[in-house]
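Numbering (the numbering used here), first residue to last: 28 to 378. Accompanying notes for the structure given below.
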Amino acid sequence: MLDYIVVGLGLSGIALSNQLEGRKRSFVVFEDDSQTSTKVAGGIYNPVILKRFTLAWEADKQINYSIPFYQKLEEKLNEKLIRPFNIYRRFHSVEEQNNWFEAADNFRLSPFLNTQLIRQVNDSIPGDFSFGKVEKTGALDTELLVESYKKYLEKRQILKNKRFDYSKLKINKDSVSYDGLEARHIVFCEGYGVVNNPYFNYLPLRGNKGEYLVIKSEELQLKQAVKSSIFILPLGKDLYKVGATYNHQDKTQQPTLAAKEKLQADLDKVINCKYEIVDQVAGIRPATSDRRPLAGNHPEHQRLFICNGFGSRGVLIAPLISEKLLNFIEDEIPLPPEVDIRRFQKKFYKS
Ligand SMILES: Cc1cc2nc3c(=O)[nH]c(=O)nc-3n(C[C@H](O)[C@H](O)[C@H](O)COP(=O)(O)OP(=O)(O)OC[C@H]3O[C@@H](n4cnc5c(N)ncnc54)[C@H](O)[C@@H]3O)c2cc1C
28 MLDYIVVGLG LSGIALSNQL EGRKRSFVVF EDDSQTSTKV AGGIYNPVIL KRFTLAWEAD
88 KQINYSIPFY QKLEEKLNEK LIRPFNIYRR FHSVEEQNNW FEAADNFRLS PFLNTQLIRQ
148 VNDSIPGDFS FGKVEKTGAL DTELLVESYK KYLEKRQILK NKRFDYSKLK INKDSVSYDG
208 LEARHIVFCE GYGVVNNPYF NYLPLRGNKG EYLVIKSEEL QLKQAVKSSI FILPLGKDLY
268 KVGATYNHQD KTQQPTLAAK EKLQADLDKV INCKYEIVDQ VAGIRPATSD RRPLAGNHPE
328 HQRLFICNGF GSRGVLIAPL ISEKLLNFIE DEIPLPPEVD IRRFQKKFYK S
């Protein structure tokens with residue numbers, strides 16, 4: 028008898044698996060490479076919403092928990108996963124500059140917003156207004172994390188590189204059975220793939236497709252991230268991620284010409300140096316109708332759980348929510364109401 032079956036190995040499944048290991052629980056993970064959100068993500072951790080200069084939901088608490096969590100993962104996997112850098116927010120008006128100062132007065136935002144404005148951050152990025160510096164930010168190399176965590180689980184022979192077939196799941200009184208396995212709990216961490224899950228697809232998870240261009244430019248020489256109409260995110264070796272787009276309609280995972288043209292047009296308005304496009308990636312963010320995660324227990328099946336709905340902020344949210352979910356499952360500590368899927372119970376009984 029296993030303690031857990033985990034379905035999905037994106038940021039959610041990795042955070043949960045790592046928590047399970049910390050608690051010395053036995054588990055296996057199913058992963059079929061059907062979703063790409065974690066792999067293509069910019070991986071940025073930044074508690075500030077850069078449109079309005081407000082704090083993202085609980086982001087100061089999340090950053091204090093998540094960064095040490097990933098640092099421990101770095102040690103365990105023997106990989107460099109975190110790249111700290113500042114984010115320079117380009118202002119487009121004096122009003123925006125004033126709003127920045129007002130926001131920096133807020134005690135929860137002040138640790139992140141530097142009040143010394145910077146006139147120019149890079150020769151290839153001209154502009155009429157200054158830049159505000161966001162501190163204590165950076166990026167998690169999500170692609171490397173997935174790759175190295177997979178290898179880690181493979182070595183321990185607890186990764187099933189295949190699709191979890193929902194029709195084969197049997198729900199018993201005190202356990203679930205699946206294809207010769209038996210476990211006390213199953214946690215679904217499928218990202219947007221949850222739309223195929225007959226137990227949880229009543230939840231209002233709306234995919235939001237995002238695309239990035241990867242460009243190469245020897246001239247740009249940018250070491251920090253810049254946020255203007257788009258993000259320019261340095262990857263090293265003269266490579267940069269540029270994006271991302273937001274699209275509620277298209278639910279395919281393939282890169283599109285429309286996104287490429289839009290990103291290229293936006294980029295041309297921000298930088299004035301030569302570059303070439305070397306790649307384009309796309310994925311579907313697991314966004315929810317109320318912009319809060321989806322965690323908790325199935326309304327009728329006590330052994331079935333979900334950990335999903337991280338939208339565009341999975342890096343910061345995943346570690347803390349996975350811990351709260353396990354506290355709920357194992358120690359009966361209630362989940363915060365704003366993340367608990369019980370808020371959608373009516374939808375389940377209507378569906
Ligand atoms: C373009 C883009 C840029 C982004 N940038 C950032 C950023 O800078 N910072 C940030 O914090 N977040 C960012 N995000 C959001 C972030 O990627 C997500 O919040 C996060 O990765 C979601 O993780 P997840 O594990 O819930 O879902 P996913 O990453 O979708 O993982 C789910 C996993 O489950 C697997 N799966 C699904 N169904 C099955 C099944 N039946 N059987 C087996 N396996 C299955 C899938 O293959 C997948 O690997 C970005 C997203 C996109 C698309």
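Ideal Cβ positions, reconstructed from N, Cα and C, are used throughout, including at glycine. The structure displayed is predicted, hence computed values, not measured ones.
Does the beta carbon of residue i fall short of 7 Å from some heavy atom of ligand 1?
i	result
K277	The sequence as given places Asp at residue 277; Lys does not occur at that position. Every heavy atom of ligand 1 is 7 Å or more from the Cβ of D277, so no.
E101	no
Y226	no
P74	no
Y176	no
Q62	yes
R116	no
I304	no
F191	yes
N223	yes
F355	no
D59	yes
P313	yes
Y239	yes
I71	yes
G338	yes
G35	yes
L343	yes
V67	yes
Y97	no
C300	no
A271	yes
E350	no
Taking only the alpha-carbon atoms, compute the straight-line gap between residue i and residue j and give it to the nearest angstrom.
i	j	result
I368	F337	13 Å
Q147	A309	31 Å
I41	Y115	30 Å
N274	P282	12 Å
G263	L136	29 Å
E174	S44	14 Å
F375	E101	40 Å
H328	K182	32 Å
F332	V221	12 Å
L77	D201	47 Å
P346	T315	18 Å
E58	F158	42 Å
S204	H325	16 Å
V56	Y179	12 Å
I2	K289	With the chain covering 28 to 378 only, the question about residue 2 has no answer from this structure.
Q307	L240	4 Å
Y302	L284	18 Å
Y31	Y229	23 Å
S206	I360	Strictly speaking, residue 206 in this sequence is Asp, with Ser absent from that position. Distance between the alpha carbons of D206 and I360 is about 31 Å.
S64	R312	6 Å
S4	K189	It is not possible to answer for residue 4, since the shown part of the chain is limited to 28 through 378.
A86	F156	28 Å
On a Cα-Cα basis, can you pick out the residue from the options that is closest to residue i?
i	options	result
T362	Y92, K351, P346 and P282	Checking the displayed sequence, the identity of residue 362 turns out to be Leu instead of Thr. The residue with the shortest Cα to Cα distance from L362 is K351.
S339	D155, T272 and P111	T272
A130	V173, G165 and P74	P74
V161	W127, D192, Q184 and K107	W127
I298	T315, Y205, L180 and L247	L247
I198	N188, R190 and E209	E209
L266	L249, Q372 and R370	L249
R370	F96, G270 and P231	P231
V305	P313, Q291 and R50	Q291
A286	E238, K243 and P313	E238
S244	N235, L260 and R233	L260
Y92	I344, E106 and K103	I344
R330	L353, I348, E365 and G341	L353
L29	Q46, S53 and G165	S53
Is the beta carbon of residue i within less than 7 Å of some heavy atom of ligand 3?
i	result
Y176	Among the ligands present in this structure, namely ligand 1, ligand 3 is not found.
Problem set entry | Ordered list of beta strand (DSSP E) runs contained in the region 105-189, each at least 3 residues | Qualifying beta strand (DSSP E) stretches, in chain order: 109-111, 114-117, 140-145, 158-161 and 165-167.
For this session: Give a yes or no on contact between the region 197-215 and the region 33-40, applying the rule of three or more CB pairs nearer than 8 Å.
Result: Contact holds: three or more Cβ-Cβ distances are below 8 Å.
Problem set entry | Touching by the beta-carbon criterion (3+ pairs, under 8 Å), the region 64-71 and the region 314-323 | Contact fails: fewer than three Cβ-Cβ distances are below 8 Å.
For this session: Evaluate the contact criterion for the region 284-299 versus the region 252-266: three or more CB pairs, one atom per stretch, below 8 Å.
Result: With a cut-off of 8 Å, the region 252-266 and the region 284-299 count as touching, because enough Cβ pairs lie within range.
Exercise. Would you say the region 192-200 touches the region 217-232, given that touching needs at least three Cβ pairs under 8 Å?
Worked result: The region 192-200 is in contact with the region 217-232.
For this session: Scan the region 32-78 and note each continuous alpha helix (DSSP H) run of 4 residues or more that stays entirely inside, going in chain order.
Result: Along the region 32-78, the alpha helix (DSSP H) occurs as fully enclosed runs of 4 or more residues at 38-49 and 64-67, listed in sequence order.
Problem set entry | 3 or more residues per run - each beta strand (DSSP E) lying fully within the region 195-261 | Complete beta strand (DSSP E) runs here, min 3: 203-205, 208-215, 232-243 and 252-254.
Exercise. Which runs of the beta strand (DSSP E) spanning at least 3 residues fall entirely within the region 269-319, listed in chain order?
Worked result: For the beta strand (DSSP E) assignment, the uninterrupted runs of no fewer than 3 residues enclosed by the region 269-319 are, from N- to C-terminal side, 303-315.
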